[in-house]
Amino acid sequence: DQQVKQNSPSLSVQEGRISILNCDYTNSMFDYFLWYKKYPAEGPTFLISISSIKDKNEDGRFTVFLNKSAKHLSLHIVPSQPGDSAVYFCAASVSYLGNQFYFGTGTSLTVIP
Amino acid sequence: EPEVTQTPSHQVTQMGQEVILRCVPISNHLYFYWYRQILGQKVEFLVSFYNNEISEKSEIFDDQFSVERPDGSNFTLKIRSTKLEDSAMYFCASRNRQGAINSPLHFGNGTRLTVT
């Protein structure tokens, strides 16, 4: 039951360039989408979110895009910095049903100095 | 910034033993969760808890698992008789509202459980 998928297990990007992390979902009822960042030996840290009424949300260097028709979201990091090297998880939920957040398997981003 | 704290960071136990994983959620949060991540796999939902009762649980959360909020600050996950396949990182999370946009989960740093 893989409702949220991240098909790229890893990504390498040069410092200063754009990082694009992708996520696909299957459940059309999802209306709240989040990106988390995880360093080794730490828990996931909330990064940015978007609701289904929007198609873009921006916070500093991080922008999340949502394409509802394609059931696809992406996280853009511009410019990428070495400190951004981490595993990035996308997650989704049906907000009015409350509880469960469904996570993807993660994409390991390496930003090369 | 307030954070979710989990103890211990690493727990080693023998198969068949009981373990209790402890969490202190963010103080003004009302909804509490346990997730786990088996090495190399996705983060999986176990259970959510609100108002001193389980509000939702996954099929992973069988009779061997239980949760409790024994006082106003702690939130615990008990595994009654551990199995080798229970070895995973267990993450506690909390949020201040349910069913709301702009109410993300806040995670602790996890407890690595190793069952031998």
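These protein sequences, in sequence, are chains A and B.
Counting in my numbering, the first sequence runs from 2 upward without gaps.
Counting in my numbering, the second sequence runs from 1107 upward without gaps.
Glycine included, each C-beta is placed from N, C-alpha and C at the ideal position.
When 9 Å is used as the limit between beta carbons, A/Leu-12 is near no residue of chain B, the shortest such separation being about 17 Å. Nearest CB-CB separation between B/Phe-1181 and chain A: not below the 8 Å threshold. Each of B/Val-1173, B/Thr-1220, B/Val-1125 was checked against the Cα of B/Ser-1161, and the nearest Cα belongs to B/Val-1173. In the assembly as shown, B/Leu-1190 is an exposed residue. Its beta-carbon has fewer than 16 other beta-carbons within 10 Å. When DSSP reads this structure, B/Thr-1188 sits in no beta bridge, so it has no partner.
Fewer than three beta-carbon pairs drawn from the stretch 1174-1184 of chain B and the stretch 75-95 of chain A are found closer than 8 Å, and the two stretches are therefore not classed as touching. Bridge pairing for A/Asp-32: absent [DSSP]. Judged by beta-carbon spacing, B/Gln-1143 lies within the 8 Å limit of B/Phe-1197, meaning their Cβ atoms are closer than that value. In the DSSP assignment, B/Arg-1128 falls within the unbroken beta strand (DSSP E) covering 1125-1130.
Bounds of the beta strand (DSSP E) holding A/Leu-22 are 20-26. Distance check between A/Val-95 and each of A/Thr-27, A/Ser-11, A/Asn-23, A/Ser-20 places A/Thr-27 closest, using alpha-carbon atoms only.
Its Cα nearest to that of B/Arg-1186, the residue B/Asp-1168 stands out among B/Asn-1202, B/Leu-1136, B/Asp-1168.
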